[in-house]
Amino acid sequence: MFWNKEIETLSRKKLEELQIDRLKKTVKKVYDKVPFYKNKFMETGIKPQDIQSLKDVTKLPFTTNDDLRANFPDGLVAVPKGQIIRLHTSSGTTGKPKALFFSKKDVDVAADQMARCLIMSGMTSEDILQNMMTYGLFTGALVMHYGAEKVGCLVIPAGPGNSERQISLMQDFGTTTLHITPSYALYLADIMESMGIDPIKDLKLKRAFVGSEPYTEETRKKIEALYDIDVYNSYGLSEMNGPGVGFECGEKHGMHLWEDNYLVEIIDPQTLLPVKEEGQVGELVLTSLNREAMPLLRYRTRDITSIIPGKCPCGRTHRRINRITGRSDDMFIIRGVNVFPQQIERILMSTQRVGKNYQIVLDALDDITVRVEISKDMFDGNMEHLVDLQKEITGKLKAEILVTPKVELLEPGSLPSFEGKAKRVIDKRKL
Amino acid sequence: MDAIKQISIFARNNPGQIERITHILAEQKINILAITIASSGEFGVIKFLVDQCEKAYECLKSEGMTVSLNDVLAIKLTDKPGGLYKVAKILRERKVNIDNAYMFVQESRKQGYLMIEVKDINKSMELLKGEKLQYLKKKDCYPRTKKPVKSSQSGK
Numbered sequence: 019m020f021w022n023k024e025i026e027t028l029s030r031k032k033l034e035e036l037q038i039d040r041l042k043k044t045v046k047k048v049y050d051k052v053p054f055y056k057n058k059f060m061e062t063g064i065k066p067q068d069i070q071s072l073k074d075v076t077k078l079p080f081t082t083n084d085d086l087r088a089n090f091p092d093g094l095v096a097v098p099k100g101q102i103i104r105l106h107t108s109s110g111t112t113g114k115p116k117a118l119f120f121s122k123k124d125v126d127v128a129a130d131q132m133a134r135c136l137i138m139s140g141m142t143s144e145d146i147l148q149n150m151m152t153y154g155l156f157t158g159a160l161v162m163h164y165g166a167e168k169v170g171c172l173v174i175p176a177g178p179g180n181s182e183r184q185i186s187l188m189q190d191f192g193t194t195t196l197h198i199t200p201s202y203a204l205y206l207a208d209i210m211e212s213m214g215i216d217p218i219k220d221l222k223l224k225r226a227f228v229g230s231e232p233y234t235e236e237t238r239k240k241i242e243a244l245y246d247i248d249v250y251n252s253y254g255l256s257e258m259n260g261p262g263v264g265f266e267c268g269e270k271h272g273m274h275l276w277e278d279n280y281l282v283e284i285i286d287p288q289t290l291l292p293v294k295e296e297g298q299v300g301e302l303v304l305t306s307l308n309r310e311a312m313p314l315l316r317y318r319t320r321d322i323t324s325i326i327p328g329k330c331p332c333g334r335t336h337r338r339i340n341r342i343t344g345r346s347d348d349m350f351i352i353r354g355v356n357v358f359p360q361q362i363e364r365i366l367m368s369t370q371r372v373g374k375n376y377q378i379v380l381d382a383l384d385d386i387t388v389r390v391e392i393s394k395d396m397f398d399g400n401m402e403h404l405v406d407l408q409k410e411i412t413g414k415l416k417a418e419i420l421v422t423p424k425v426e427l428l429e430p431g432s433l434p435s436f437e438g439k440a441k442r443v444i445d446k447r448k449l
Numbered sequence: 040m041d042a043i044k045q046i047s048i049f050a051r052n053n054p055g056q057i058e059r060i061t062h063i064l065a066e067q068k069i070n071i072l073a074i075t076i077a078s079s080g081e082f083g084v085i086k087f088l089v090d091q092c093e094k095a096y097e098c099l100k101s102e103g104m105t106v107s108l109n110d111v112l113a114i115k116l117t118d119k120p121g122g123l124y125k126v127a128k129i130l131r132e133r134k135v136n137i138d139n140a141y142m143f144v145q146e147s148r149k150q151g152y153l154m155i156e157v158k159d160i161n162k163s164m165e166l167l168k169g170e171k172l173q174y175l176k177k178k179d180c181y182p183r184t185k186k187p188v189k190s191s192q193s194g195k
């Protein structure tokens, strides 16, 4: 099912024509209306008319978090104040929040692309959405709310917390769809169990949109099993309208990123050049193509992902990105090669017979050691199998990061475990 | 022909590992009959033949160790020149390949046993049928395991 079949399945050629048209308009607009961008253009000697093809995007300046903070509160707004109808903020880990402004059209575009996402997941106007995100300055709850209303669902604006009330809302109104954080979804299942409620038999849930916090594929599968529902990954950021920038279709293999609204680049965060091939891992950079109040050029999301090459069986032509696997700030360089811990993690996770915990040690001689715990259940007492495993991991890692690592196999439980954000990289070179 | 159980433990190659394991076995009054260590740089596999293998397995596991229990053949050797040669010749004739082997001597050098690890224990036992070989019997290896082994240590 499609919300806007024409746009969602537009041929690549037409989609790119639309992109270049919108890119030119956006560039001209920020040049004329936003002194910050005009100054940046002047510094680099770029003029709006230099942008003639999509490839020319690399001539444009980047916009960073710091730029947003430096222009706080409204330095990047490109429309008269009277046209702004909504403020959202995005908190940072340091300093002031980022202020994001929406015009009436921006709110509508955000809701419209959210509606595409919801229909893509199989929702219809018959569905009942319980929106358990925080309503307020964050974009999460409100953009979802507006998108679901566009679809015509019944929206229950529950907000987070008060688990017993959440559960009775689900029971009383026959909620079919949840918008929830992963940790709350797991917690709520425990509460249901303690209340003697079987989420599979006693509720009518079909799906959940899980987001706002990073979570793993294993967590997705766990939530799916606990509630017997489909869980869809989504990608969004307040700087680019909030949730619904990218969303999974029924294939659940990568998130379609709405390329009529965003120009997608994947760059090497060190050189700031585009990655050489489609599919390579790097930092996601987005240029808004359809934002009125606050367009942003080449916004560095700091999110690490890659484009999934090839067509999606669902028929949508908008390219898919992989699950966000980390922040570009986590990148390290070993013997001149950029490496993301997530590349190593992906290899380890795809290897049988190793556990989930690992550590990367970089030492003074620019050597990389990957320490990984073997999986307890897979140990068969055979030394040869362990040596083979070590070789297998070494070979796969070398193919991925182009440097031969030393691979150490460890006993399960011997590496420190982390509750929250894990510290995986120990860089002894900095000492 | 009995297959004998052997305990294998995965361990980092650093001081104190054997101590850690043998301490647990000593506390549980498990007797070690033979030990061998295979090492590959940073890690190794320590193998034990003990008199109460199931109990040893459960204890080590509940202590959080990475343990496995495998079948091995224990072929009796006469403790005199040519004893091992005789057995090795039969193994070659029967095309039984040795993946790993070690020996242990019992009863003050009256006789020894060649412990061999093979890929497919049942096939090897089949191949060796009819040969005049003697094997360590389960009842001699595990004199104390007539009572069912308590596995209360196994956690969940």
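Taken in order, these protein sequences are the chains called A and B.
Numbered per the numbering used here, the first sequence finishes at 449, counting up by one with no gaps.
Numbered per the numbering used here, the second sequence finishes at 195, counting up by one with no gaps.
The C-beta atom is built at its ideal place from N, Cα and C for all residues, glycine as well.
These numbers come from a predicted model, not from an experiment.
Below 8 angstroms on the Cβ atoms is my guess for residue i versus residue j; work out the distance and round it to an integer in Å.
{"i": "Pro-261 (chain A)", "j": "Gly-229 (chain A)", "result": "6 angstroms"}
{"i": "Ala-73 (chain B)", "j": "Leu-88 (chain B)", "result": "4 angstroms"}
{"i": "Asn-149 (chain A)", "j": "Ala-133 (chain A)", "result": "Not really, about 14 angstroms apart at Cβ, beyond 8 angstroms."}
{"i": "Leu-380 (chain A)", "j": "Phe-358 (chain A)", "result": "About 13 angstroms; that fails the 8 angstroms criterion."}
{"i": "Val-127 (chain A)", "j": "Asn-308 (chain A)", "result": "5 angstroms"}
In three-state terms, what does DSSP make of residue i?
{"i": "Lys-68 (chain B)", "result": "coil"}
{"i": "His-271 (chain A)", "result": "coil"}
{"i": "Ser-212 (chain A)", "result": "helix"}
{"i": "Pro-261 (chain A)", "result": "strand"}
{"i": "Ser-29 (chain A)", "result": "coil"}
{"i": "Glu-24 (chain A)", "result": "helix"}
{"i": "Arg-442 (chain A)", "result": "coil"}
{"i": "Met-188 (chain A)", "result": "helix"}
{"i": "Pro-313 (chain A)", "result": "coil"}
{"i": "Thr-422 (chain A)", "result": "coil"}
{"i": "Asp-179 (chain B)", "result": "helix"}
{"i": "His-62 (chain B)", "result": "helix"}
{"i": "Glu-306 (chain A)", "result": "Glu is not the amino acid found at residue 306 (chain A); the sequence shown has Ser there. Here Ser-306 (chain A) sits in strand by DSSP."}
{"i": "Leu-223 (chain A)", "result": "coil"}
{"i": "Gly-100 (chain A)", "result": "helix"}
Can you check whether the C-beta of residue i is within less than 8 angstroms of a C-beta belonging to chain B?
{"i": "Asp-398 (chain A)", "result": "yes"}
{"i": "Pro-423 (chain A)", "result": "no"}
{"i": "Lys-409 (chain A)", "result": "no"}
{"i": "Leu-404 (chain A)", "result": "yes"}
{"i": "Arg-426 (chain A)", "result": "Looking at the sequence provided, one finds Glu at residue 426 (chain A) rather than Arg. It does: the Cβ of Glu-426 (chain A) has a partner Cβ on chain B nearer than 8 angstroms."}
{"i": "Thr-111 (chain A)", "result": "Model confidence at Thr-111 (chain A) stands at a pLDDT of 49, short of 50, so the residue's coordinates are unreliable; what they give is reported in the following sentence. So, not an interface residue."}
{"i": "Pro-53 (chain A)", "result": "no"}
{"i": "Ile-392 (chain A)", "result": "yes"}
{"i": "Gly-373 (chain A)", "result": "no"}
{"i": "Met-60 (chain A)", "result": "no"}
{"i": "Gly-413 (chain A)", "result": "no"}
{"i": "Gly-262 (chain A)", "result": "no"}
{"i": "Pro-430 (chain A)", "result": "yes"}
{"i": "Met-162 (chain A)", "result": "no"}
{"i": "Met-19 (chain A)", "result": "no"}
{"i": "Met-188 (chain A)", "result": "no"}
Considering only the beta carbon of each residue, do residue i and residue j sit closer than 8 angstroms?
{"i": "Leu-78 (chain A)", "j": "Leu-86 (chain A)", "result": "no"}
{"i": "Val-169 (chain A)", "j": "Leu-221 (chain A)", "result": "no"}
{"i": "Ala-129 (chain A)", "j": "Tyr-153 (chain A)", "result": "no"}
{"i": "Ala-226 (chain A)", "j": "Ile-247 (chain A)", "result": "yes"}
{"i": "Ile-43 (chain B)", "j": "Lys-177 (chain B)", "result": "yes"}
I'd like to know whether the C-beta of residue i is nearer than 8 angstroms to at least one C-beta of chain A.
{"i": "Cys-84 (chain B)", "result": "Sequence inspection shows Val at residue 84 (chain B); the Cys mentioned does not correspond to that position. For Val-84 (chain B), the answer is yes, since a Cβ of chain A falls inside 8 angstroms of its Cβ."}
{"i": "Arg-59 (chain B)", "result": "no"}
{"i": "Ser-107 (chain B)", "result": "yes"}
{"i": "Ser-79 (chain B)", "result": "yes"}
{"i": "Gly-55 (chain B)", "result": "no"}
{"i": "Ser-163 (chain B)", "result": "no"}
{"i": "Ser-190 (chain B)", "result": "Since pLDDT at Ser-190 (chain B) reaches only 43, below the 50 mark, its modelled position is unreliable, and the value read off the structure follows with that caveat. No, no contact with chain A."}
{"i": "Lys-44 (chain B)", "result": "no"}
{"i": "Phe-87 (chain B)", "result": "no"}
{"i": "Phe-49 (chain B)", "result": "yes"}
{"i": "Gly-121 (chain B)", "result": "no"}
{"i": "Gly-103 (chain B)", "result": "yes"}
In chain order, which beta strand (DSSP E) runs of at least 3 residues are fully inside the region 338-407 of chain A? With a minimum length of 3 residues, the continuous beta strand (DSSP E) runs that stay inside the region 338-407 of chain A are 350-352, 355-357, 372-380, 386-392.
4 or more residues per run - each alpha helix (DSSP H) lying fully within the region 114-178 of chain A: Runs of the alpha helix (DSSP H) lying entirely within the region 114-178 of chain A, each at least 4 residues long, are 122-138, 157-169 in chain order.
Output the residue ranges of the alpha helix (DSSP H) runs that lie fully inside the region 29-80 of chain A and measure 4 residues or longer, sorted by chain position. Those alpha helix (DSSP H) runs which fall completely within the region 29-80 of chain A and span 4+ residues are 30-51, 53-62.
Beta strand (DSSP E) segments (min. 3 residues) lying fully within the region 102-163 of chain B: Counting whole runs of 3 or more residues, the region 102-163 of chain B contains the beta strand (DSSP E) stretches 105-117, 139-145, 150-156.
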